[in-house]
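Worksheet for the structure shown next.
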Amino acid sequence: AQSVTQLGSHVSVSEGALVLLRCNYSSSVPPYLFWYVQYPNQGLQLLLKYTSAATLVKGINGFEAEFKKSETSFHLTKPSAHMSDAAEYFCAVSDPNQAGTALIFGKGTTLSVSS
Amino acid sequence: KAGVTQTPRYLIKTRGQQVTLSCSPISGHRSVSWYQQTPGQGLQFLFEYFSETQRNKGNFPGRFSGRQFSNSRSEMNVSTLELGDSALYLCASSPRVDGNTGELFFGEGSRLTVL
Numbered sequence: 001a002q003s004v005t006q007l008g009s010h011v012s013v014s015e016g017a018l019v020l021l022r023c024n025y026s027s028s029v030p031p032y033l034f035w036y037v038q039y040p041n042q043g044l045q046l047l048l049k050y051t052s053a054a055t056l057v058k059g060i061n062g063f064e065a066e067f068k069k070s071e072t073s074f075h076l077t078k079p080s081a082h083m084s085d086a087a088e089y090f091c092a093v094s095d096p097n098q099a100g101t102a103l104i105f106g107k108g109t110t111l112s113v114s115s
Numbered sequence: 001k002a003g004v005t006q007t008p009r010y011l012i013k014t015r016g017q018q019v020t021l022s023c024s025p026i027s028g029h030r031s032v033s034w035y036q037q038t039p040g041q042g043l044q045f046l047f048e049y050f051s052e053t054q055r056n057k058g059n060f061p062g063r064f065s066g067r068q069f070s071n072s073r074s075e076m077n078v079s080t081l082e083l084g085d086s087a088l089y090l091c092a093s094s095p096r097v098d099g100n101t102g103e104l105f106f107g108e109g110s111r112l113t114v115l
């Protein structure tokens, strides 16, 4: 069975500060991993994905994540936070051997950015 | 290209009633999946349809059902509504036909309130 744990339901940073959102996964097979972002009253948008190629993945809006198998982690970072980054972020895992698009999501981390 | 369209955006029902939600995927996308989002349980996979066939199903009771039409549009139905069914129901479409790449494009959701 697969699962995702996001450490910290709420993270607050100042504008210009480093953003670090933590995600750990559990999977019996080499997984695919994803980060999605949800702005208020909107659906989710894919930020980036890891599908067994490069372990450092770059996404949209300056975000990146590093797959670390030894730590079963896929933390999301951004060097300098912007006010527009305030949103809820979800880490997700899938089984690449399973046909279809079922994702297992973490509970989410709300990012607040102050000026 | 138009995004994923969900209707209605908001609806209120009473316990025991049934509800039907509609989703129009991005043109050319043949996979449609549904997720339930609640504050307590987070995002949970309901089911996925591909070429009018249910390809995957999450762990939800039989009151939750869905279907897909030949034009890839999808509907989900919840019968005998319970208070706990109050949630944001998200539809997502995917362009991929094989493998679980997790590239989902989400609609803005249908917010269901059960009184």
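Chains as they are written, first to last, in the numbering used here: chain P, 1 to 115; chain D, 1 to 115.
Glycine is no exception: its CB is placed at the ideal position from the N, C-alpha and C atoms.
Note that the structure is a prediction, hence the values are computed from the model and not measured.
CA-to-CA distance, Gly-106 (chain P) to Phe-50 (chain D), given in whole angstroms: 25 Å
Out of P:Ser-9, P:Leu-33, P:Val-29, P:Gly-16, which has the shortest C-alpha to C-alpha gap to Leu-103 (chain P)? P:Leu-33
Thr-110 (chain P) CB to nearest chain D CB: under 7 Å? By this cut-off, Thr-110 (chain P) is not an interface position.
Is the CB of Leu-44 (chain P) under 7 Å away from at least one CB in chain D? yes
Per DSSP, Tyr-89 (chain P) is paired with what? BP columns for Tyr-89 (chain P) point to P:Val-37, P:Thr-109.
Assign Tyr-89 (chain D) to buried or exposed, taking buried as 16 or more other Cβ atoms, counted over all protein chains shown, within 10 Å of its Cβ. buried
Check this for me: beta carbons of Ala-119 (chain P) and Val-19 (chain P), under 7 Å apart or not? Examination of residue 119 (chain P) is not possible in this model, given that chain P is present from 1 through 115 alone.
So, with DSSP's three-state summary, where would you put Ile-26 (chain D)? coil
Burial state of Phe-124 (chain D) (16 or more Cβ within 10 Å): Residue 124 (chain D) cannot be examined here, being either before or after the span of chain D that is shown, 1 to 115.
Name the DSSP beta bridge partners of Thr-5 (chain P), please? DSSP, once it has assigned bridges, lists P:Asn-24 as partnering Thr-5 (chain P).
Alpha carbon to alpha carbon, how far is Ser-70 (chain P) from Thr-116 (chain D)? Give it in angstroms, no decimals. Chain D is shown from 1 up to 115; residue 116 (chain D) falls before or after that span and cannot be answered.
Quick check: is the beta carbon of Phe-105 (chain P) nearer than 7 Å to any beta carbon in chain D? yes
Give the residues from the segment 61-78 of chain D that approach chain P closer than 9 Å (Cβ to any Cβ), ordered along the chain. none
Cross-chain neighbours of Leu-90 (chain D) in chain P, by beta carbon under 8 Å: Gly-43, Leu-44
Could you say which of P:Phe-74, P:Met-83, P:Pro-40, P:Ser-94 lies nearest to Ser-14 (chain P) if we only look at CA atoms? P:Met-83
What does the alpha-carbon distance come out to for the pair Leu-21 (chain D) and Ala-87 (chain D)? 12 Å
Looking at Ala-87 (chain P) and Ser-112 (chain P), is the spacing between their C-beta atoms short of 7 Å? no
Reduced DSSP secondary structure (H/G/I, E/B, other) of Gly-66 (chain D): strand
For a contact meaning CB atoms closer than 7 Å, what does Phe-90 (chain P) contact in chain D? Leu-43
Within chain P, partners of Ser-27 (chain D) - CB distance below 7 Å: Near Ser-27 (chain D) there are no residues of chain P at all, since even the closest Cβ is about 17 Å away, more than 7 Å.
Candidates P:Cys-23, P:Ser-114, P:Ala-54: which alpha carbon is nearest Thr-5 (chain P)'s? P:Cys-23
How many angstroms separate the CA atom of Leu-115 (chain D) from the CA atom of Val-57 (chain P)? Taking the CA atoms as reference points, Leu-115 (chain D) sits about 44 Å from Val-57 (chain P).
Residues that Gln-17 (chain D) bridges to, as DSSP identifies them: Paired residue(s): none; Gln-17 (chain D) is not in a bridge.
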